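Numbering that gives the first Met the number 0 applies: residue 0 is where the sequence shown begins, and numbers increase by one. Below you'll find the structure, written out as structure tokens, and then a few comments.
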Amino acid sequence: MSAARKLLYPFSLLYGGVMLLRNKLYDRGIFSSEEYELPVIAVGNLSVGGTGKTPMVEHLITLLAEDYRVATLSRGYKRSSSGFRLVTGKESAAEVGDEPLQFKTKFPKVMVAVDEVRTHGIGQLLNQAQPPEVIILDDAFQHRKVKAGFYILLTPYNDLYSDDLVLPAGNLREPKSGARRADVVVVTKCPPSLEEQEKKKIADRLKINAGQDLYFSSISYSDKVMGIDTTLNLDELKVKSFVLVTGIANPAPLVKHLKDRGLSFEHKAFPDHHNFTAAQIKELQKEELLLTTEKDFMRLKNELPGPGLFYLPITTEFLGDRKKFENSINSFVRKF
């Protein structure tokens, strides 16, 4: 443990104790949780930072949207608005949040909503003329006022919750014992060549319970980069000068992927969910070609509407057992 963590460790014990007490009060019914008569799936994590929630939500939408009326409900992190709002796709990311705008842009027929109070948001969704048949809660593992019917807990391969501490000495939002609430645990951002022996070691480190299923996934990067009206093959960037712009928690996997593809670029890194200032936009406008993530593209496309802005799409790729995971989701939804 580093010297800084040692200094913060007493505060982590205090914060962790408060969160443990909170969880026990919910578990014993002293604090009440709302349950619903339709399938509610919660996607979340124990730690702060990027664990791959957005591509997981998109994977669930792709799986379910053909057969059910699906809605997503997010807080709308760092949005300028408040309360319940249905996303139309015409808003700016600043108004509704980058992830909800991304969901609506990619899946226009899916109902996408934001509300910092999830119980209120679900009530508003159910009051729509055509209410959803399935609700996916984005980043709601700690939102215990809602009792989802199915919990998906994500933890990144290089930063397992089992190896971390509670805030502020570590990055966990609650003690690792909270993982017991999960129906499934998915280790995300794994190397595609992950071997079975290492999977077993990770399962032991995570202390997966008998009633839980463990899955492993990696990031699958597209071979094409997308602009507003233009598509390029990724390899075309080998002969172009471009700047990579990221406002995500951990851009290292993306940077590594691009370098492994033989691309050379300048990287301008900003904090997660960064709202770009006018001065920063002015600087970016000087660049002829910009590559960014899909979430950052949602924030930048109205500010940099020219032909030089592109993003690299990603998807979740399961390392075996994809059918088992999808069958568990479908089985849960069919119960209703």
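Idealized CB from N, CA, C, for every residue including glycine. Computed from a predicted model, the values in this text were never measured in an experiment.
> Comparing alpha-carbon positions, which option in GLY122, ARG68, THR61 lies nearest PHE83?
Replying inline: Nearest option by C-alpha distance: GLY122.
> For the stretch 206 to 275, which segments carrying the alpha helix (DSSP H) assignment without a break, of at least 4 residues, lie completely within its bounds, in sequence order?
Replying inline: For secondary structure counted as the alpha helix (DSSP H) over 4 or more consecutive residues, the stretch 206 to 275 holds these complete runs in sequence order: 251 to 259.
> Exposed or buried, what is ARG180 when buried is set at 16 or more other beta-carbons lying within 10 Å of its beta-carbon?
Replying inline: Buried, by the Cβ-count rule.
>> Measuring alpha carbon to alpha carbon, tell me which residue in HIS119, VAL244, ILE135, LYS200 is nearest LEU159.
In response: Of the listed residues, the one whose Cα sits closest to LEU159 is LYS200.
> Among the residues of its own chain, which have a CB less than 8 Å from the CB of PHE275, if the five just before and after it don't count?
Replying inline: Leaving aside the five residues that flank PHE275 on each side, the residues in its chain whose CB is nearer than 8 Å to its CB run, in chain order, GLY246, PHE269, LEU283, ARG298, LEU299, GLU302.
> Would you report the Cα separation of LEU85 and THR229, rounded to the nearest angstrom?
Replying inline: Between the alpha carbons of LEU85 and THR229 lies a gap of roughly 29 Å.
>> Can you tell me whether THR87 is buried or exposed? The criterion is at least 16 other CB atoms within 10 Å of its CB, across all chains shown.
In response: Counting Cβ neighbours within 10 Å, THR87 comes out exposed, since fewer than 16 surround it.
> What is the rounded straight-line gap between the Cα of LEU236 and the Cα of ILE227?
Replying inline: Rounded to whole angstroms, LEU236 to ILE227 spans 17 Å at the Cα level.
> When DSSP labels each residue in this structure, what does ILE29 get in the three-state scheme?
Replying inline: ILE29 falls in the coil class under three-state DSSP.
>> Quick check: the Cα distance between SER31 and ALA64, rounded to an integer number of angstroms?
In response: Each residue's alpha carbon lies about 31 Å from the other.
>> Comparing C-alpha positions only, which one of PHE335, ILE328, LYS334 sits nearest to LEU59?
In response: With distances taken between Cα atoms, LEU59 lies closest to ILE328.
>> Do GLU286 and VAL242 count as a contact pair if the criterion is CB distance below 7 Å?
In response: For VAL242 and GLU286, yes; Cβs fall inside 7 Å.
> Buried or exposed: GLY28, going by 16 or more other Cβ atoms within 10 Å of its Cβ?
Replying inline: Under a 10 Å Cβ-count criterion, GLY28 is classified as exposed, with fewer than 16 other Cβ atoms of the shown protein chains found around its own Cβ.
>> Let's test the definition: count the other Cβ atoms within 10 Å of the Cβ of VAL347 and tell me whether it reaches 16, buried, or not, exposed.
In response: Any answer about residue 347 is impossible in this case: the structure gives the chain only from 0 up to 335.
> By DSSP, does GLU36 sit in helix, in strand, or in coil?
Replying inline: Three-state DSSP puts GLU36 in coil, outside helix and strand.
> Around the Cβ of ASN44, are there at least 16 other Cβ atoms within 10 angstroms (buried) or fewer (exposed)?
Replying inline: ASN44 should be labelled buried.
>> By the three-class DSSP mapping on this structure, what secondary structure does TYR348 have?
In response: The structure shown has nothing for residue 348, since the chain only spans 0 to 335.
> Would DSSP call TYR76 helix, strand or coil?
Replying inline: In the three-state scheme derived from DSSP, where H, G and I count as helix and E and B as strand, TYR76 is classed as coil.
> How about GLU94 and SER80: are their beta carbons less than 7 Å apart?
Replying inline: Yes, they are a contact pair.
> Rounded C-beta distance between ASP34 and LYS146? I'm assuming under 8 Å.
Replying inline: Note that residue 34 corresponds to Glu in the displayed sequence, not to Asp. 5 Å between Cβ atoms; contact.
>> Can you tell me where the alpha helix (DSSP H) holding GLU293 begins and where it ends?
In response: Boundaries of the alpha helix (DSSP H) around GLU293: 293 to 299.
> DSSP on VAL56, reduced to helix/strand/coil?
Replying inline: Helix at VAL56.
>> Relative to the C-alpha of LEU136, which candidate in GLY148, PRO167, TYR220, LEU171 has its C-alpha closest?
In response: LEU136 has its Cα closest to that of GLY148, out of GLY148, PRO167, TYR220, LEU171.
>> I'd like the ranges of any alpha helix (DSSP H) spanning at least 4 consecutive residues and lying wholly in the stretch 84 to 158.
In response: Those alpha helix (DSSP H) runs which fall completely within the stretch 84 to 158 and span 4+ residues are 92 to 95, 97 to 105, 117 to 125.
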